[in-house]
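Undergrad: Numbering (this note's numbering), first residue to last: 7 to 307.
I'd like to ask some things about the structure below.
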């Protein structure tokens, strides 16, 4: 360190007996630094007086201006709600088809539905309704529907939810069929979309599908699902049985996954979001907006 020959000391001195006395120089802080420091103290005191600052037992100091970001946020929300009110009032009074025919109102509804979809639906159905095959959550952006893709049916699905159950067929999983029979059924199901080359197994699976296993009672005589298919010429009950002929799979269409579906079954549940259910979550207005958004994804009927 450099010696400060002309510097003033504080007057303290140590280790005089050792011949090397230690002294402490008085080296004050720069004036500009001190003035800046004092200014920050003054600024802090003014801030404490004007704005919310100190936590208290039952709240906090409000400040002379009585301002808070919560109030500012609430004011912004109130402003948005006031601007949306004329549109929301019309949405509440009009039917889905009437809204769909009003381009400006439809755009407003779809925009709101998109925001809500991200909050409530995307965790299962994926962003933009692309589906999550690993969890058995269907794609909403195509025209392959389990219960129907018209506006009224989509609204019903969102409001009341859906329950779908594919029973297990393998004996060890609670069903009534052997491993060999499940293999035959698997080959037949794969053949419906042109993915099986074992004609003998397909023939045996065909007999089971339309006979003892009674798969056609849900999937239809042609395997084209409860929405499109028929049983002995008549309509099928709306059980949400998927179309097995279009190569669009809810859980996967490879041999192993199809066999697992037949052997162990599948259970799917779409929660009810309507205000008249035990899972009260969304208002009728919100459900309308979600319905119109889902319908707009590309597969709406």
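Cβ coordinates follow ideal geometry from the N, Cα and C atoms, glycine included.
Computed from a prediction, not measured in an experiment: that's the story for all the values here.
I'd like the list of long-range same chain contacts for residue 297, defined as Cβ closer than 8 Å, with 5 residues on each side in sequence excluded.
TA: Taking the chain shown and counting its residues from 1, one reaches residue 297 at position 291. Once the five neighbours on either side are set aside, the close Cβ partners of residue 297 are 102, 119, 157, 160, 161, 164.
Undergrad: Among 250, 135, 205, whose alpha-carbon lies nearest the alpha-carbon of residue 226?
TA: Counting from one through the chain shown, the residue named residue 226 turns up at place 220. Selected option, being the one with the closest Cα: 250.
Undergrad: Going by other Cβ atoms of all chains shown within 10 Å of its Cβ, with 16 needed for buried, is residue 75 buried or exposed?
TA: Looking up residue 75 in the chain shown gives position 69. So residue 75 counts as exposed.
Undergrad: How many whole angstroms separate the CB atoms of residue 155 and residue 307, which I take to be in contact at a CB cut-off of 8 Å?
TA: Translated into the one-based positions of the chain shown, residue 155 becomes position 149. Translated into the one-based positions of the chain shown, residue 307 becomes position 301. Between residue 307 and residue 155 the Cβ distance is about 4 Å, and since that is below 8 Å, they are a contact.
Undergrad: Grab me the residues of residue 196's own chain with a C-beta within less than 7 Å of its C-beta, minus the 5 sequence neighbours each way, in chain order.
TA: Reading the chain shown from its first residue, position 190 is the one you call residue 196. Same-chain partners within the cutoff: 202, 261, 264.
Undergrad: For the candidate residues 112, 271, 224, whose alpha-carbon lies nearest to that of residue 309?
TA: Absent from the structure is residue 309, since the part of the chain shown begins at 7 and ends at 307.
Undergrad: Just verifying my parser: in three-state terms, what is the DSSP assignment at residue 216?
TA: Counting from 1 along the chain shown, the entry for residue 216 is found at position 210. If DSSP states are grouped into helix, strand and coil, residue 216 belongs with coil.
Undergrad: Might you give, ordered along the chain, the residues of its own chain that have their beta carbon closer than 7 Å to the beta carbon of residue 15, omitting 5 neighbours on each side?
TA: The residue you call residue 15 lines up with position 9 of the chain shown. Cβ within range, chain order: 29, 30, 31, 32.
Undergrad: Taking only the alpha-carbon atoms, compute the straight-line gap between residue 215 and residue 91 and give it to the nearest angstrom.
TA: In the chain shown, counting from the first residue as 1, residue 215 sits at position 209. In the chain shown, counting from the first residue as 1, residue 91 sits at position 85. Whole-angstrom Cα-Cα distance: 55 Å.
Undergrad: Pick out whichever of 186, 288, 179 has its Cα sitting closest to the Cα of residue 210.
TA: Stepping through the chain shown from its first residue, residue 210 is reached at position 204. Cα-wise, what sits closest to residue 210 is 186.
Undergrad: Do you know offhand how far residue 171's Cα is from residue 277's?
TA: By 1-based counting over the chain shown, the position of residue 171 is 165. By 1-based counting over the chain shown, the position of residue 277 is 271. Roughly 14 Å separates the two Cα atoms.
Undergrad: Span of the beta strand (DSSP E) holding residue 18?
TA: As a working note, residue 18 is residue 12 in the chain shown. Where residue 18 is concerned, the enclosing beta strand (DSSP E) stretches over 15 to 20.
Undergrad: Quick one: residues in its chain with C-beta nearer than 6 Å to the C-beta of residue 221, no 5 flanking neighbours on either side, listed in chain order?
TA: Reading the chain shown from its first residue, position 215 is the one you call residue 221. Excluding residues within five positions, the ones whose Cβ falls inside 6 Å are 215.
Undergrad: Quick check on residue 122: does DSSP put it in helix, strand or coil?
TA: Counting from one through the chain shown, the residue named residue 122 turns up at place 116. Helix at residue 122.
Undergrad: Starting from residue 299, follow the beta strand (DSSP E) in both directions and report where the run begins and ends.
TA: Position 293 of the chain shown holds residue 299. Not the beta strand (DSSP E): residue 299 falls in the alpha helix (DSSP H), residues 290 to 302.
Undergrad: First and last residue of the beta strand (DSSP E) that includes residue 257?
TA: On the chain shown, residue 257 is found 251 positions in, with the first residue counted as 1. Note, residue 257: premise wrong, no beta strand (DSSP E); not H, not E.
Undergrad: With a threshold of 8 Å on Cβ separation, who are the neighbours of residue 59 within its own chain once the five nearest residues in sequence on each side are excluded?
TA: Translated into positions along the chain shown, residue 59 becomes position 53. Contacts found: 53, 66, 67, 69.
Undergrad: What do you get for residue 19, buried or exposed, if any count of 16 or more other CB atoms within 10 angstroms of its CB means buried?
TA: Counted from its first residue, the chain shown places residue 19 at position 13. Flag for residue 19 reads exposed.
Undergrad: Going by beta-carbon coordinates alone, are residue 190 and residue 179 separated by less than 7 Å?
TA: In the chain shown, the residue the question calls residue 190 occupies position 184. In the chain shown, the residue the question calls residue 179 occupies position 173. Cβ distance not < 7 Å, so residue 190 and residue 179 don't count as in contact.
Undergrad: Could you spell out where the alpha helix (DSSP H) holding residue 75 opens and where it closes?
TA: Looking up residue 75 in the chain shown gives position 69. 75 to 99 is the span of the alpha helix (DSSP H), which, as asked, contains residue 75.
Undergrad: Counting pairs of beta carbons, one from the segment 145 to 155 and one from the segment 122 to 136, are three or more of them closer than 8 Å?
TA: The answer is yes - the segment 122 to 136 touches the segment 145 to 155, with three or more Cβ pairs under 8 Å.
Undergrad: Run through the DSSP bridge pairs and tell me what residue 31 is partnered with.
TA: As a first step, residue 31 is located in the chain shown; it is residue number 25 there, counting from the start. 15.
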